[in-house]
Structures are given as structure tokens and as C-alpha cells.
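>
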Amino acid sequence: MINETPRVRFAPSPTGYLHIGGLRTALYNYLFARNTNGKFILRIEDTDRKRYIEGAVENLLNTLKWVGLDYDEGPEVGGDYGPYYQSKRLDIYKKYAEELIEKGKAYYAFDTPERLKQLHEEQLKKNEQTKYDKFALTLPEEVIKQKIESGEPYVVRLNVPPDKSVIVDDLIRGKVEFDTNIVDDQILIKSDGFPTYHLANVVDDHLMKITHVIRGEEWLSSTPKHVLLYDFFGWEKPIFAHLPLLLNPDKTKLSKRQGDVAVEDYKDKGYLKEALINFVALLGWNAGDEQEFFTLDELIHKFTLERVHKAGAVFNLEKLVWLNAEHLRSKPNAELLQMLREELKKSKYADLKIEDNKLLLIIEAMKPRVEFVKEFITKCPYFYEAPTEYDEKVIKKRWKEDSPGLLLKLRDKIAQLDDLKKEDYENILNNLAEELNIGKGKLIHPVRLAVSGSGTGPGIYNLLYIIGKDECINRINRALEKIKTTNPDLTEEN
RNA sequence: GGCGCGUUCGUCUAGUGGCUUAGGACGCCGCCCUCUCAAGGCGGAGAUCACGGGUUCGAAUCCCGUACGCGCUACCA
Numbered sequence: 322m323i324n325e326t327p328r329v330r331f332a333p334s335p336t337g338y339l340h341i342g343g344l345r346t347a348l349y350n351y352l353f354a355r356n357t358n359g360k361f362i363l364r365i366e367d368t369d370r371k372r373y374i375e376g377a378v379e380n381l382l383n384t385l386k387w388v389g390l391d392y393d394e395g396p397e398v399g400g401d402y403g404p405y406y407q408s409k410r411l412d413i414y415k416k417y418a419e420e421l422i423e424k425g426k427a428y429y430a431f432d433t434p435e436r437l438k439q440l441h442e443e444q445l446k447k448n449e450q451t452k453y454d455k456f457a458l459t460l461p462e463e464v465i466k467q468k469i470e471s472g473e474p475y476v477v478r479l480n481v482p483p484d485k486s487v488i489v490d491d492l493i494r495g496k497v498e499f500d501t502n503i504v505d506d507q508i509l510i511k512s513d514g515f516p517t518y519h520l521a522n523v524v525d526d527h528l529m530k531i532t533h534v535i536r537g538e539e540w541l542s543s544t545p546k547h548v549l550l551y552d553f554f555g556w557e558k559p560i561f562a563h564l565p566l567l568l569n570p571d572k573t574k575l576s577k578r579q580g581d582v583a584v585e586d587y588k589d590k591g592y593l594k595e596a597l598i599n600f601v602a603l604l605g606w607n608a609g610d611e612q613e614f615f616t617l618d619e620l621i622h623k624f625t626l627e628r629v630h631k632a633g634a635v636f637n638l639e640k641l642v643w644l645n646a647e648h649l650r651s652k653p654n655a656e657l658l659q660m661l662r663e664e665l666k667k668s669k670y671a672d673l674k675i676e677d678n679k680l681l682l683i684i685e686a687m688k689p690r691v692e693f694v695k696e697f698i699t700k701c702p703y704f705y706e707a708p709t710e711y712d713e714k715v716i717k718k719r720w721k722e723d724s725p726g727l728l729l730k731l732r733d734k735i736a737q738l739d740d741l742k743k744e745d746y747e748n749i750l751n752n753l754a755e756e757l758n759i760g761k762g763k764l765i766h767p768v769r770l771a772v773s774g775s776g777t778g779p780g781i782y783n784l785l786y787i788i789g790k791d792e793c794i795n796r797i798n799r800a801l802e803k804i805k806t807t808n809p810d811l812t813e814e815n
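Reminder that position 77 of the first sequence reads as 398 in our numbering, one-by-one numbering, no gaps.
(1) Quick check: the Cα distance between Val768 and Leu681, rounded to an integer number of angstroms?
(2) Please report the straight-line C-alpha distance between Gly609 and Glu557, rounded to a whole angstrom.
(3) Kindly confirm or deny that the segment 533-540 and the segment 508-516 touch, where touching means at least three C-beta pairs closer than 8 Å.
(4) Check this for me: beta carbons of Ala736 and Lys803, under 9 Å apart or not?
(5) My assumption, with CB atoms under 8 Å, is that Val481 sits in contact with Leu549. Please give the rounded CB distance.
(6) Near Ile698, what residues of its chain come up, given a Cβ to Cβ distance below 8 Å and the 5 sequence neighbours on each side ignored?
(7) Mind checking who Pro516 pairs with in its DSSP beta bridge?
(8) Per DSSP, Lys721 is paired with what?
(9) Val504 and Val497: beta carbons closer than 9 Å?
(10) Are there 16 or more other CB atoms within 10 angstroms of the CB of Glu419, so buried, or fewer, so exposed?
(11) Taking Leu385 and Ala347 to be in contact with their CB atoms under 8 Å, please state how far apart those CB atoms are, rounded to whole angstroms.
(12) Over the uninterrupted beta strand (DSSP E) stretch that includes Ile535, give me the two end residues.
(13) Helix, strand or coil: how does DSSP classify Glu802 here?
(14) Excluding the 5 residues flanking Gly343 on each side, which residues of the same chain have their C-beta closer than 6 Å to its C-beta?
(15) With a Cβ-Cβ cutoff of 9 Å, do Asp723 and Gly776 count as a contact?
(16) Just reading off the alpha helix (DSSP H) that Leu611 is part of, what are its end residues?
(17) Quick one: residues in its chain with C-beta nearer than 8 Å to the C-beta of Val691, no 5 flanking neighbours on either side, listed in chain order?
(18) Closest to Phe431 by C-alpha separation, out of Val477, Lys415, Lys446, Glu462, would be which residue?
(19) Just verifying my parser: in three-state terms, what is the DSSP assignment at Val489?
(20) Which partner residues does Leu479 have in the DSSP bridge list?
(21) Indicate the three-state DSSP secondary structure (helix, strand or coil) for Ala583 in the structure shown.
(22) According to DSSP, which residues form a beta bridge with His340?
(23) Following the continuous beta strand (DSSP E) through Ala754, name the residue where it begins and the one where it ends.
(24) In this structure, how does DSSP classify Ala562 when only helix, strand and coil are distinguished?
(25) May I ask you to report which of helix, strand or coil DSSP gives Ala671?
(26) From Lys717 to Ile749, what distance separates their C-alpha atoms?
(27) Using a 10 Å radius around the Cβ and a threshold of 16 neighbouring Cβ atoms, would you call Arg732 buried or exposed?
(28) Pair every Cβ in the segment 622-636 with every Cβ in the segment 566-582, then say whether three or more of these pairs are closer than 8 Å.
(29) Any idea what DSSP makes of Phe499, helix, strand or coil?
(30) Grouping DSSP H, G and I as helix and E and B as strand, with all else coil, what is Val464?
(31) From this set, Asp618, Leu603, Leu617, which residue's C-alpha is nearest Glu611's C-alpha?
(32) For Arg330, is the classification buried or exposed, using 16 other Cβ atoms within 10 angstroms of its Cβ as the cut-off for buried?
(33) What span of residues does the beta strand (DSSP E) with Phe331 cover, start to end?
(34) Measuring straight from C-alpha to C-alpha, what distance separates Phe615 and Thr368?
(35) Applying the criterion that 16 or more other CB atoms from any shown protein chain within 10 Å of the CB defines a buried residue, is Pro516 buried or exposed?
(36) Might you give, ordered along the chain, the residues of its own chain that have their beta carbon closer than 7 Å to the beta carbon of Lys485, omitting 5 neighbours on each side?
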């Protein structure tokens, strides 16, 4: 097995969306496969008909596509080991279940749900291990045959031998030992003819030549059942690697109740796939150095299962936001332009005509000041429309008695020139300040307020330049009226 | 209840017996830069390494126990 090319799989059950924990599992499988020149396989575990959800698989596939975790074999792309939907492999599971029965490693059982429930409750009451009592094993062969022929519903159960020890050798946790006396005779084939996860995953992993089973820690407890199955079939076991869980802030398993768990929720909120992947990769793994910012390629090169650690990790948004900003800033402006265009279409400025050049200037100016693409709009609406309001706090702090007069002078200076460049605004402002023998802040702050309505933003010369000469003049005029009315005691004189 | 896994700053983590007065990152605070806000640079607060016993000249690191947390305990995956 060591010499074979690694084959790993991500095997989600289609629950309607891709869980963020599922993304992490998928990512680690993907990184491992790409790092080792192996194959990454997607298999849909849709064996629970009661939980069938329309469109769930499609959604899952789309999300995987969005994050860019491309698989070598699976739905839509096919492969030599299909079908990759478990619901299309029923006859295979049936065949292997029968093989087990012949070997005496599994058996038919006909117990009613009522009996099972009663048994369970009795065991609970007596503080015993809750498991099947192997009653069906006492049935004579003829009776079994008869029941089946008469169409009585049945299940197939795993015949777990008592008093044995099963060792699960886990790459991350080492050897974990289980006593078979606490392992239940797991149902392998349900009465509807569908297999349970335990049978299906073992059969498929074997048939699909999976070399490493990389999955969440919640599976560790049922792994002895899987080990037993491999042994009963006489198959070589894959290498197991059980990943630590992703946790809520209160340390319980990451769940809906305490925030967003669907990858698409994060997509919708404007998180970049690069940031999400980077962040989720760091939840349970690190490169061993002090790098925190990773591209997918860097992750592929540096990822090893050996550096996955054991404890669960709280999914904490603050670092994700930071990473989002970091990845945003690392993107070329041309790419951000496309993203901003998309964002604009969804905004109230959808009908606004803006040239690429102007958007590029906005992007350049706002890049260090935003964490999300949409903030190229929301954090600087003044680039898209004239301010309708002026920040009260800023008026109080920056709008002095002499501000209107100074702004008037500044406005006239601006009006005198054409084809203004960034430097021209700088010169105008500095010269005027010098001329009047005042600090340039006396001009800068009021004009920023007048032109943007805000006290914060990009450098003022740049700000004026991007807004443009005519618009600057208009806005100054408008501010002179507006702010005067807000503060009637201020005059334009002096 | 049983079984299993885990436990280093608020959070993500480094650390595999001496290099550790426990390092980094996010967040927080301060300073610098500066026309504002960011970004960036510098610095700070923040972890008696869950607790208790051992082993050892020496333990976050090895062993045992306890506590706590989590997972599993379905004809779910």
C-alpha cells in the first residue's frame, strides 16, 4: 500500500449544503492528494432515503466548485471506480453482505422496532451497554429461510465476536484500543435494502482503492466496526487519520445554532474563497514555521498529515476577517475591479455609469482600508454620489468659524485650473495655506467634510482628484449652504 | 451510564526532557508615520503549560491518577 499512489476521498452525505467542517475535511483530503501526487475522489453518501433533500448534491458540487477543490473522480467527472453515488451501488453492497453472511460474519435479523426499543430501554435501566442481544442468531436456518421467503422485513447485522480487542491504528492519534464487548452488532443493510454508512464506506473504500481515510473525529468510535469488516472480508485496511473537530465558541461541535456553518453563508457574506481556505486549513494544522498567510498552492506544498494536531479548534471569525483583508489586498486591482463590478450590480448604484478608470482609482485608494469587496462601496459612498449628510461629530470638531471663508477661497482656486492632477490639488492647497499663513489642516479637514460628508478616508489630494474638479466645486457649494444651516451661528465672513 | 478522544495566552497555535524568564498570529492597548481613517513599523498587557502525584540532576514535554470538555453510544451520516 505504501508504494501505491495515494487515493483519498471526501465522502459527504448531501444534507443540503456544505458544512464548514466538511470543507475542512475536504480540504485536508485535497491537500494530501495534491501534495503526494495522489488522487482526490468525491463520493456521495446518499444511503439515507429519509434524509433525501432535493438539490442537495447539486448545491454541494457547486460549493466545491466555488472553493476550487477539484476532484479527480466523482460525480460529473466520472472515473474507473464508479458509480460515485452510493445509492447507485445497492447491488454491490448486497453481494458483499451475503458474502459476510455465508462466512458467518453477519446475519439476518427480523426484530421489530418495538422489540429493539424495549431492549434498549431495559439495558439503559440496568446501566448496561446498549446493544443488540444477538437474538436472531438463535433462529434455526429453516425459520430464517421461511421468513425471508414470506417477505418479512429483515436487516443484516454484523456479527461482532465477544471478548476480543480491536486496535485502530490512527495516523493522528496512534493506536486506539477497543473491546468488542462494547461494539454493537451494527446493522449493515437496512430493511429498505439500503446499506448503512459502515458497510457502504468499507466496501467502497476497498473497491475504490482508497489508501487513506481522512475524516472527522466523530468517526473514531465506529472505526472498530470498520476494522472488523476489513478483517472479515480479508481486505487490507487503509490508513486512518481522524481529524479534530471544529467547535462553537462554547466548545461544542460546530453547529447551526451558534452561527453560520454553511460555506455558502460565508460566500454570501463576501468572504473570499482564498481566505476561507487559508483560515480553515489553519484550524488543526500548521506548517511548523510562522507563516499564517497561504495560497492554495503553498498549502499544497507544505501540507502533511503528520502536522495535524489532536485537539478541537474553535471557529473564530476575527482571524477569518483579517485573512480576508489580507487576501483581498494581495489581489491585483484588475481582479478586484471585476469583483467590484459584480458588487455594484447588486447595490443601489446598479444603474450608475462609472468608468473602469475611476473604479481603479477607488480600488487603489481604498485597498488598505477595506476588508471586504463590498466595502469599496459601503465605506466610501462619496465616490458614487454626493454626500447628503455631514457627520455631526466631524462638524463639531473640524468646522470652525473661518471654514466657510477658507473653503470659498479654495473653491475659487480650484475653479481657475483645468485638467487637475493629484499634485495640482496638493499644490493648490499648500499654496493657499502658505498664502494665508494658516496650517493646511484648516483647509484639509473642512474640505474633506464638505466633499465626502465624512471625517475619514483616503488622502485628501487623492480624494479630491478622484471626485473631480466640477463635482468638488459643486459639493463645496452645497456644503457651504448645508452646513451653514446646521450651524446658523456660523457665517461665511472671515 | 459505558467506551473513546482531548486539555499551552480570550481565540488559532509553536513546542516531542535542558536552547524557554513558554515563541508567533488574530483581537486588544500604546507609540511612530501622518491631513483624517486605514495600511505599515515598533512596543505592551495577556498562559502558575487543567489539577495532583511520580520518574529524572532537570518536565509543558515521559508515567499514573483526578477533574473538566467533547465525540460516539440509531434500520443518520
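Note that the Cβ used here is the ideal one computed from N, Cα and C, for glycine as well.
In short:
(1) 23 Å
(2) 32 Å
(3) no
(4) no
(5) 6 Å
(6) Leu661, Glu664, Leu665, Ser668, Tyr670, Tyr705
(7) Ile510
(8) Answer by DSSP bridge pairing: none, since Lys721 is not bridged.
(9) no
(10) exposed
(11) 7 Å
(12) 533-537
(13) helix
(14) Pro333
(15) no
(16) Looking at the sequence provided, one finds Glu at residue 611 rather than Leu. It is not in any alpha helix (DSSP H) - Glu611 carries neither H nor E in the DSSP assignment.
(17) Ala646, Leu649, Phe697, Lys700
(18) Val477
(19) strand
(20) Ala427
(21) strand
(22) Ala583
(23) It is not in any beta strand (DSSP E) - Ala754 instead sits in the alpha helix (DSSP H) that spans 743-757.
(24) strand
(25) coil
(26) 26 Å
(27) buried
(28) yes
(29) strand
(30) helix
(31) Leu603
(32) buried
(33) 328-331
(34) 37 Å
(35) buried
(36) Thr501
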